Amino acid sequence: MRGVLLLALLPLLHCDRLAPAPAPAAQPAEAKVVKSEEEWRKLLTPAQFHILREHGTEPAFSGAYWDKHDRAVYVCAACGKRLFSSEQKFDSGTGWPSFWAPIAPGAVAPSEDTSYGMVRTEVHCPRCGGHLGHVFDDGPPPTGKRYCINSAAIAAVAP
Ligand SMILES: [Zn+2]
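When you line the sequence shown up against this note's numbering, it's residues 30 to 188, in that order.
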């Protein structure tokens, strides 16, 4: 009798394991921006397209924002997502806009980049996938991170 009861309960236990409680969402899900390369090519300038869609890098000291120090929020040049703020911007001396953190945790997404025989951490826009730059471990306090970002990948807007 006890064996029969156990057998009857087994499917229930199994179901329970298949349906875990939903994990609490850290942030509300954000709709991704998905476009074909052809559509991006029409929307972006050639420099923006090269960096955002082809993982390019602008020459040092050439972009619009490496030497900009007034208050601003920097949004993704492709989709407008808020990525960085002047609050975390610092003068790295590298010739690229540099930040010790994004505007909020998870505002940019990292991935491994093994191009040019180096292992670097690339950062991209989590909404449209656009390439922004790289993050290095030689930044200032409090994070020790240096987000080295292409000016052409971002756009300064009023905070
Ligand atoms: Zn974007």
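Cβ atoms here follow ideal geometry from the backbone N, Cα and C, with glycine treated the same way.
Just so you know, these numbers come straight off a predicted model, no measurement behind them.
Do you know how far the Cα of HIS79 is from the Cα of GLY85? Stepping through the sequence shown from its first residue, residue 85 is reached at position 56. Stepping through the sequence shown from its first residue, residue 79 is reached at position 50. Roughly 5 Å between the two C-alpha positions.
Host alpha helix (DSSP H) of ARG82 (start-end): On the sequence shown, residue 82 is found 53 positions in, with the first residue counted as 1. Residues 75-83.
Does DSSP put ALA106 in a helix, in a strand, or in coil? The residue labelled residue 106 in the question sits at position 77 within the sequence shown. Collapsing the DSSP output to three states places ALA106 in coil.
Please list the segments of the beta strand (DSSP E) lying wholly inside the region 81-162, counting only runs of 3 or more residues, in order along the chain. 102-105, 111-114, 138-142, 149-153
Which whole-angstrom value describes the C-beta separation of SER114 and TYR103, a residue pair presumed to lie in contact below a C-beta threshold of 8 Å? Within the sequence shown, numbered from 1, the residue matching residue 114 stands at position 85. Within the sequence shown, numbered from 1, the residue matching residue 103 stands at position 74. Indeed they touch by this definition, with Cβ atoms about 7 Å apart.
Taking C-alpha atoms, which residue in ALA93, TYR94, CYS157 lies nearest to ARG82? Taking the sequence shown and counting its residues from 1, the one referred to as residue 82 is at position 53. Nearest of ALA93, TYR94, CYS157 to ARG82, Cα basis: CYS157.
Rounded C-alpha distance that separates LYS97 from LEU112: Start at 1 with the first residue of the sequence shown, and residue 97 comes out as number 68. Start at 1 with the first residue of the sequence shown, and residue 112 comes out as number 83. In a straight line, the C-alpha of LYS97 is about 16 Å away from that of LEU112.
So what's ALA185 in DSSP terms, helix, strand or just coil? Stepping through the sequence shown from its first residue, residue 185 is reached at position 156. In this structure, ALA185 counts as strand in the three-state DSSP scheme.
GLU87 classed as buried or exposed, judged by whether at least 16 other C-beta atoms fall within 10 angstroms: As a first step, residue 87 must be located in the sequence shown, where it is residue number 58. Within 10 angstroms of the beta-carbon of GLU87 lie 16 or more other beta-carbons, which makes it buried.
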